[in-house]
Amino acid sequence: MLEFLKQRSEKASLPPGSAVYVGKERAHVVEVRILDYNREKCNDSSDLELAEVQPLADSPSTTWLNVDGLHEVSIVEQIGKMFALHPLTIEDIVNTTQRPKIDIFDDYVYLVVKMPLYNDELNTVEMEQVSLVLKENILITFQERKSSVFDGVRKRVSNNKGRIRKMGGDYLAYALLDAIVDSYFNVLERVGEYIETLEVELVDNPIPTTLHKIHGLKREMILLRKSVWPLREVTSSLQRDEIPFISEGASPFLKDLYDHVIQVLDTVETFRDIVSGMLDIYLSSMSNKMNEVMKVLTIFAALFIPLTFIAGIYGMNFNSEKSPYNMPELDWIYGYPFALGIMVAVAFAMLFYFKKKKWF
Amino acid sequence: MLEFLKQRSEKASLPPGSAVYVGKERAHVVEVRILDYNREKCNDSSDLELAEVQPLADSPSTTWLNVDGLHEVSIVEQIGKMFALHPLTIEDIVNTTQRPKIDIFDDYVYLVVKMPLYNDELNTVEMEQVSLVLKENILITFQERKSSVFDGVRKRVSNNKGRIRKMGGDYLAYALLDAIVDSYFNVLERVGEYIETLEVELVDNPIPTTLHKIHGLKREMILLRKSVWPLREVTSSLQRDEIPFISEGASPFLKDLYDHVIQVLDTVETFRDIVSGMLDIYLSSMSNKMNEVMKVLTIFAALFIPLTFIAGIYGMNFNSEKSPYNMPELDWIYGYPFALGIMVAVAFAMLFYFKKKKWF
Amino acid sequence: MLEFLKQRSEKASLPPGSAVYVGKERAHVVEVRILDYNREKCNDSSDLELAEVQPLADSPSTTWLNVDGLHEVSIVEQIGKMFALHPLTIEDIVNTTQRPKIDIFDDYVYLVVKMPLYNDELNTVEMEQVSLVLKENILITFQERKSSVFDGVRKRVSNNKGRIRKMGGDYLAYALLDAIVDSYFNVLERVGEYIETLEVELVDNPIPTTLHKIHGLKREMILLRKSVWPLREVTSSLQRDEIPFISEGASPFLKDLYDHVIQVLDTVETFRDIVSGMLDIYLSSMSNKMNEVMKVLTIFAALFIPLTFIAGIYGMNFNSEKSPYNMPELDWIYGYPFALGIMVAVAFAMLFYFKKKKWF
Amino acid sequence: MLEFLKQRSEKASLPPGSAVYVGKERAHVVEVRILDYNREKCNDSSDLELAEVQPLADSPSTTWLNVDGLHEVSIVEQIGKMFALHPLTIEDIVNTTQRPKIDIFDDYVYLVVKMPLYNDELNTVEMEQVSLVLKENILITFQERKSSVFDGVRKRVSNNKGRIRKMGGDYLAYALLDAIVDSYFNVLERVGEYIETLEVELVDNPIPTTLHKIHGLKREMILLRKSVWPLREVTSSLQRDEIPFISEGASPFLKDLYDHVIQVLDTVETFRDIVSGMLDIYLSSMSNKMNEVMKVLTIFAALFIPLTFIAGIYGMNFNSEKSPYNMPELDWIYGYPFALGIMVAVAFAMLFYFKKKKWF
Amino acid sequence: MLEFLKQRSEKASLPPGSAVYVGKERAHVVEVRILDYNREKCNDSSDLELAEVQPLADSPSTTWLNVDGLHEVSIVEQIGKMFALHPLTIEDIVNTTQRPKIDIFDDYVYLVVKMPLYNDELNTVEMEQVSLVLKENILITFQERKSSVFDGVRKRVSNNKGRIRKMGGDYLAYALLDAIVDSYFNVLERVGEYIETLEVELVDNPIPTTLHKIHGLKREMILLRKSVWPLREVTSSLQRDEIPFISEGASPFLKDLYDHVIQVLDTVETFRDIVSGMLDIYLSSMSNKMNEVMKVLTIFAALFIPLTFIAGIYGMNFNSEKSPYNMPELDWIYGYPFALGIMVAVAFAMLFYFKKKKWF
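Protein chains in written order, with the numbering used here: chain A, 1 to 360; chain B, 1 to 360; chain C, 1 to 360; chain D, 1 to 360; chain E, 1 to 360.
Put into C-alpha cells, the structure is as follows:
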C-alpha cells in the first residue's frame, strides 16, 4: 500500500504528462512482440524493429503489438509517438499505480486494468497493470512483465481456433480482457482454498496468529475489491457506451465480459462476508476459552476453599485441657474420620452443584 | 463456494463461446420432453427425435421443449444450432455457475435463473440452474436434472386448467418462472423452521455448536441473497423493458412475478436481520454465563477466605506460657465457641452483603 | 414470520390467479356495507344484496363498498366479477401476505396496504391487510375483519363534516389511507411507551429478560419497517404518477399523506437507532457488573491472602527449643500483639492502595 | 420523542385539514408584527389590526408579517383565510410536529423548517418550528414563540444595511432561512464544547455516567440529523426548482444557503462519528480497567499462594520423634531462617516473572 | 473541529455577503504576486500595485494573480471589486471554513478547495483553503499563507517547461489543482508511514496509548475524507459540465485530474478500513492478554490450592493419643515423605491436565 504512495508522491512535483516509470524495480529486457493476422494468414514475430510496425498497422489486417515491460520508458514513448497517443496516455501507461479506467479519445480508446497474481508464500494477491490501446486495425498492449495470461489467446490466433481470426481488433481486445477476468477466477480459487485452510485452523486450534491471518485476508479482500470495482465500470462502459472501433457484433461478448466481472465482484463480496464471519467466530471462541479457564478456576477454588477452611478449624490451638468447650472433637475417638467425612461430603455437594449447573 | 470457483477456473483457458459443461458430475440419461399445445389440442411426448421438433416449432401452436440434464453438451449444442442460438448462449446454458441474468437477442430472449433446493440433512440451500430460451412460438427450458417444480405447470397445460392454453409462450415462461419463485417460498419456509429450532436451542442451552450453526445459517442467507438479488433485476427487466415475444397481456402477470421476487428478497433480508440478532443474543448469553461463574467464584472466595484467616490466627503457635499477651484466647473457657461464633457472624455478614448486591 | 411462509408456500402449487384465502383462520360472518353519497344525500346500508350494488355504482353519486372479512372467497370473487377486476387482483385481495403495492389498470386502481394493531399483552405489532379498489364513482375496500379505523371517515361522510361529501371517490380513498397512516402513529405511540418502560428497566435493574425484550423490540421494528417502506412507494406513486380517477384537486392531500408516511418511517428509523443504543447500554452495563464482581473478589483476596500467609508463618512448628533461630517470636512477650499489629498494618496498606486506585 | 407521538396520535381521529394546535403548552399572548418596506421607507408596527394588513400586502412594497405563537389557532386561521391559504397549509402551520418540507402552490410557497435551541442544563437540543409563506409582495412567518434569531434580519431591514431593502420578499425569506441555518452553527458549537468536556471526562475518569452521557449525545445527534436532512432537501429544491416568486437574482444566495446546510449536515455526521469513537474508547477503557483488576488479583494470588503453601507444610504435625524422616527440618538449627529464605526466593522469582511479562 | 464552529458561529449574526476573515490568526504581510505570460514572454513580479493589474488582465496574455494571505480583507475586497466578483464569492474567499465547491457565474468560475499539510509532531493533517477565480485571460488564486505547493507550476511557467505556456488560464488552473491533488498523495504517504509505525507498535506492545493513537488516526481519516469527497464533486463538475473559459483541449487533463482525486479517495477509504482493522486487532489482543492473565491465575490457584489443603489436613490437631483413628499417619515412619509424595503427584497431575488443555 505504502509503496504505491511513495512512488506516486515522488512523481508529484513533475508536470502533468511526464512519462516517468512508476512501479516495482524491474531489470529484464523489454520484449516487443507483433502478431499480424487476418482470416487467411498470421505472422508472429518478436524481432521486428519498431519502425517496421507502422506499415503493418496501416494495412487492413489486424495487428497486435504487445510490450512486456514498462521500465524502459523510451520504448513506450516511441510507440506513443508513432501512434499519436496523448501525452497523458503515455504517462498513464508507465505509471503502474493507475486505477482501472477507460479513456475514449477521438482516434483511439485507452483501457487500463489490473491483472491479479497469487503469491503462494505470503498468501497475498499482487496486482500488475495491463494497458490496452485500441485503434483502427491495431491493438497495443502493455504489461509490466511477461506473463502467461495472454498465451491462450495468442495460441488461438496462431492456430485459428474459434472465431478470433475472423474478427477485428475489438474482438482481440475483448479476448484479452476475458483472459484477465478469468485470471481473477483463478486467483479467487486460490484465495478460497486459503480460506478453507484457515477455517479448519479456526475450528481446530484458534491462536492469535490465526487472527492475524484472518485480518491479512480481510485486507487482501479490500485491495482486490479496489481493483475489481472500477473494472466493473470499465466493462460496463465498453458494453453500454458507443465506442469507436468497437463493432456491433462484439456487443454480446462485451455483455458476457461484464457479467463475468459482476460474478468476480460477487465472489469478492461473499468472501468479505465470510471473512467477517470468521473474525466473529474467532472472537467468540476466544471468549469461550476464557469461560473454560474461569470455570476450571472456579471449580477448583470453590471445591478446596471450604475444605481448607475445615482443616484450618481443626488446626487451631484452643486449649482443650482448660475447658471442655475448647475443641472437644480433637479428643473424640472418631474425630479425625468424622472431619474427613465432612470434607468428602462437602466436596460431593460442590461437585453435584456444578454438575447441575452444567459446568462440566 | 470453492467448488464453483474450481469448476469456473478450469474453464479459464478456453476461448469464449466454448460449450463445456461446468457443474456437478451427473450421469443420468438426458431427457428431452416436448409439449405442443394450442387452445384445442395438447401433445406431450418424450420420445421424439430432435429432428422432429423443427416442424412443431415452426407451426403456430406453442411448443415447450424441456431438457433435463446439461452434462451431455452435444444435445444442447444440437438444439442451439437448430434454433440459431448465439454461441455465448449455448456456453451459458451448460455453465451452471451463471449469475441470474437476461440476454435479449434480436430473435430470442435468454433467461437464466437459480432454483433452490433445501438439503434437510445439512440444513443448507442448494442451487440448480434453469435456463429459458423464448422464441416465437417456442419456449426451450434447460434444467440440471429432473425436478418436480415444473410438474404443476405441465399438468395445468395437459388438463387445460386456468388460462395457460389460451395464451402463448410468454405466458408459459411466466408460469415456469412463477413456479421457480414459489419454490423459493418453500425453501424459505424450511429455513424459517430451522431458525425457530435454533432459537429454542439458543434460549434453552446455548453451546459453541449453536454458534457454528448460526454462522452457517448466516452464510446460507448470504448465498441465497446472491441468487435472489439478480433475479430481481431479471424480473424487473421482463416487466419494464419492451422485450420481443412478450405480449401486452402478460404485463400484469410479470408485475405480479416481480412483486413476489421482492417479497422473497424482503424475507431473506428479514432472516438476515434475525440471524444477526441471534448472534448478538448468543454472545451476550455467553458473557452472562461468565458473569454467573464469576459470581459463584467471588461468593465462595469472599465467604471462606476471611473464615480461613480467623482459623489461621488461632492456629498460630505463640507461646502463651511465656507471656500473658500471647493468645490468651486459647485458654479461655469459651474460646472455641467464641471463635466459631465470630466465623458464623462474618459468614452471615458476607451473605447479607451479597444479598443486598442482588448476587443471588 | 414463519406463519406467513407456511401459508404462502401451501399456495405454491396453484396456478397464478387462483383466488385462495391465505391468512389467519377467521370464522365471523363477512359483512358488506355500502355507503352511497353525494353533496345532498347519503345512504348507509349493510343489508343490501350484492346485485343491488351495481345500479349504485353506475350512478354518478360516490359509492363506498366495504367488505369486512376475506375468508369467504366467493363474496370477493362475486364482487370482482361484478366490477371486472383482473384475476390477479382478486388473488391478491384474499392473499393477506401481500407486500403493500399499487397496481394501475386501465379501468381501476388497486392498492394494498398494511394496517397495524398493537398487541398489549405481547407488546408486538400485528398487521392486517387492507385492499382498496378505486373505479369511477366507486371505491371498494376489503379488510380482514371489522375494525374501528374507518369509523371516523364513515361518520364524517354521514354527518357531512369537512369537505368529504363535496369530493369524489379519490378523496374518500385518501381519507381512508390517511386514517390508516394515523393508526401507525397510534401504534408508534404505544411502542414509544414500551421503549420508555424498557429504558427505566434498563437503568434500574437490567436482567437477561431485559435483553430478550430489547431484541424482541428490535425485531418488531424490522417488521414494522418492512410494512412502511413499501407504503412510502405506494403513496409516492399516488402523488407523483398520473393515475386515472385521481383528480388534480386531490394532489395537495396526497402530498400531505406522503409527508405523513415519511414521518412514520422517520420515527421507525429513530426507534431502531434508540433500540440499538439500548442494546449497547445493556451490554456495557453487564460488563460493568462483571467489573464490580471482579473488584470485590480482588479486594477480598488481596486483603486476606497476605494476612493468612502471616498467620500461616506463625503456625509453623519449627522447634524453638532446638535452636535460638527457630521462631523466637513465638516466645516473645509481645509476640502475638506484634503479629496482629503487622496484620492490621498490612490490611490498612491494602485498603489505602485500593482507595487510591478508586476501587471503592 | 414520545411527546411528539402523543400529540400526533391525539389528532389522529380528526379529518384532514383540521387546524388544531399540536405542540408544547404555551400561554403567552400571540404577537403579530408587521414590517412593510421598500427602497425608500420602512414601517415597523406590532399593534396593527389584522384587517389593516390586507392593503399593505396588496401594495407593491414588501410586507413581512411575523406571528410569534401558534397556540391561538384562530389568529392563524384568520391570516390563512385573508391570504387564501390551503386548509392543509393552515393545519401544518399549527402542527409543530412537521418534518421540514416545501409545498409549492400556484399562488404561494409554503416552507416549514426547524430552528434549534440548545438547552444548557440538560445538554440537549430542542427544536422549534418555523413556517414561512411566500406570496407576491408578502412574506408571512410563524414561530412557536418569540425568539431572537430573526432580530438581526429585522435590524438590517430597519437600518437599511446591506442589500435587503433593495430586494423583494424572496430575499427576505432567504435572509431568515440563513439566520436559522446560522443558529444551527451556534447550536453545533455548543454541542462541540460539550463533546470536548466529555472527552476530557472520558480520558480522566470514565464512569458509567459518562457512558450514559455519550449515549444521550448520540441520541441528540440522531434527532438533529433528522431535522437537518430534510432541510437539505428543502434548500436544494429552493435552489434547483423553478419556484414562483423567487427571482433569478436570489439564485447565488440560495446556492450559498444550500452549501451552508450541507456544512451543517457534514458537521452533524462528523460529530456522530466522533461520538461513536468515544463509545469505543469508553468500552475499551472499561475492559482495560478490568484487565488491571485481574492483574492485581493474579499477582497477589500467585505471589502468596505458594508462600502460604510452604508455611502450611511446616505447620503439619508429623511426629518427628517417631521417625527421623518426619519433618527433620523442624529440628534443624537454621530450619526457620531456611524456610523464610525459600519464601523470599519464591517471592522474588514470581516478581521477576511478572516483571518480564510486563505486568507492572 | 470546534475551532471552525467557533469562528463560524461568531459570524452568524452578520448579513450574507459580509466579507469577514474567518480563520486562524495570521500576522504576515499579504503578498500579491503576478505572473503574466504567453507563448513568447513571461513576466513575474511581486511588487506591482493592484491598479497596474487591470491592463494585464485585459491583455490577451494569460495573467496569474496569486494572493498569499486572506487576513487583510481589504486587499481581497479591492481585487473583488476590480474583477466584479459577486459579494458572496468575496465572503467565501475570506471564510476559510468553506467546504470545497464550484460556483459558476456568468463571467467567471469560482472554485474553493482544501490543501492538506501534514503536522509531523501531532501526526495530524491540517487543511488550508485555496480559492481559484477563473475569468477570461486571468486566473486569481487566494491562499491562507505562502506555501511551496505552487512553486513547481510557477517554475514550469518561468522556464517554459511542458505545454503550460502554450495554453490558457484553464490549463493553469488545472495545473494548480493537479499540484494540490498531488499534495494529498504526499500527505497520504506520511499517513501511511504513521500507520506502519502504529502497526509495529500494535504487534509488539499494544498499550492504551496505542488505542488513543489509532482513534486519533481514525478521526484524521474522517476529516480528510470530508475534504476529498466534495473535491470529487468539484473535479467531476469541471470535467462534465460545460463551463465557460474551459476549452475543449483541457478535457483529457480534467478527466485525469478527476481520476487522481478518485485515487486519493480510494486510498483514504482503504486507510479507514485498515484503521478499523487495527482497532479490532487492538481489542482482541487486549482480550488475549486478559486470557493470559487468567490462565496464570488459574494455573497457580489450581496447582497450589489442593496442595495447601493437604498440608492443612496434616496441620490438624486431632489427638492421636486418645484414639488409634486420630491421624495415625502422623506417627508413621514414612508419614512425612508420604505426604510430600502425594503433593508432588497431585502437582504433576495438574500440570499434565493443563498441558493437555494447551494452556502453556
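Beta carbons: idealized from backbone N, C-alpha and C, even for Gly. In this text the structure is predicted, and so the values were computed from the model without any measurement.
| Check | Outcome |
| --- | --- |
| Can you confirm whether G312 (chain C), when its beta carbon is compared against all beta carbons of chain B, has any partner nearer than 8 Å? | yes |
| Tell me, please, which residues DSSP counts as bridged to Y37 (chain A). | A:C42, A:T62 |
| Per DSSP, what kind of secondary structure is M316 (chain E) in: helix, strand or coil? | coil |
| Where does F245 (chain B) fall in DSSP's three states? | coil |
| Sorted by chain position, which residues of the same chain lie with C-beta nearer than 7 Å to S45 (chain D)'s C-beta, five sequence neighbours on each side aside? | I34 |
| What is the residue span of the alpha helix (DSSP H) that L70 (chain A) lies within? | Taken as a continuous stretch (DSSP letters only), L70 (chain A) belongs to no alpha helix (DSSP H), as it is neither H nor E. |
| Tell me, please, whether the CB atom of Y118 (chain B) is closer than 8 Å to any CB atom in chain C? | no |
| Just verifying my parser: in three-state terms, what is the DSSP assignment at L88 (chain E)? | helix |
| Give me the Cα-Cα distance between L202 (chain A) and I333 (chain E), rounded to the nearest whole angstrom. | 55 Å |
| Within 8 Å (strictly less), CB to CB, does S13 (chain E) reach chain D? | yes |
| Taking C-alpha atoms, which residue in E:E10, E:V29, E:P15 lies nearest to V22 (chain E)? | E:E10 |
| Using beta carbons (cut-off 8 Å, strictly below), is K213 (chain B) in contact with chain C? | no |
| Of all Cβ atoms in chain B, is any one closer than 8 Å to the Cβ of V317 (chain C)? | Reading the sequence as shown, one finds Asn at residue 317 (chain C) and not Val. For N317 (chain C), the answer is yes, since a Cβ of chain B falls inside 8 Å of its Cβ. |
| Note down, in chain order, all residues in the region 156 to 168 of chain B with a beta-carbon under 8 Å from any beta-carbon belonging to chain C. | R156, K161, G162, R163, I164 |
| For S131 (chain A), I'd like the list of residues in its chain whose CB is within less than 6 Å of its CB, leaving aside the five on either flank, ordered along the chain. | I93, V112, F142 |
| I need the DSSP call for D47 (chain E), collapsed to helix, strand or coil. | coil |
| To test your reading of the DSSP string, which unbroken alpha helix (DSSP H) runs of 4 or more residues are found completely within the region 279 to 356 of chain C? | 335 to 356 |
| Considering Cα atoms alone, identify which of E:P116, E:V133, E:S18, E:F185 is closest to D367 (chain E). | Outside the shown range of chain E, which is 1 to 360, sits residue 367 (chain E), and nothing can be said about it. |
| Mind checking R8 (chain A): buried by the 16 CB within 10 Å criterion, or exposed? | buried |
| Which residue from B:E144, B:K81, B:S148, B:Y108 puts its Cα closest to that of N137 (chain B)? | B:Y108 |
| In the DSSP output, which residue or residues are listed as bridge partners for M82 (chain C)? | Paired residue(s): none; M82 (chain C) is not in a bridge. |
| Give the range of the beta strand (DSSP E) segment to which M127 (chain A) is assigned. | 124 to 135 |
| What number of angstroms, rounded off, separates the C-alpha of N66 (chain C) from the C-alpha of D259 (chain C)? | 27 Å |
| Measure the C-alpha to C-alpha separation of V76 (chain C) and P116 (chain C) and round it to an integer number of angstroms. | 23 Å |
| Would DSSP call M221 (chain C) helix, strand or coil? | helix |
| Give a yes or no on whether the minimum CB-CB distance between K355 (chain A) and chain E is below 8 Å. | no |
| So that I know if they touch, is there some Cβ in chain C lying closer than 8 Å to that of D182 (chain D)? | no |
| Just checking V268 (chain E) against the ligand MN - is the residue's beta carbon closer than 7 Å to any of the ligand's heavy atoms? | In the structure shown, the ligand MN is absent, as is every other ligand, since no ligand is present at all. |
| For the region 194 to 208 of chain D, list every residue whose C-beta sits within 7 Å of some C-beta in chain E, in sequence order. | E196 |
| Residues bridged to D120 (chain B) by DSSP? | Beta-bridge pairing links D120 (chain B) to no other residue. |
| Listing by chain order, which chain C residues have their CB less than 7 Å from the CB of R8 (chain D)? | F185 |
| Can you pull out the residues from the region 252 to 270 of chain E whose beta carbon lies closer than 8 Å to at least one beta carbon of chain A? | P252, F253, K255, D256, D259, I262, Q263, D266, T267, T270 |
| Do you know offhand how far H215 (chain E)'s Cα is from H212 (chain D)'s? | 21 Å |
| E389 (chain B) versus chain C: which residues are under 9 Å apart at the beta carbon? | Nothing can be reported for residue 389 (chain B): it is not among the residues displayed for chain B, which extend from 1 to 360. |
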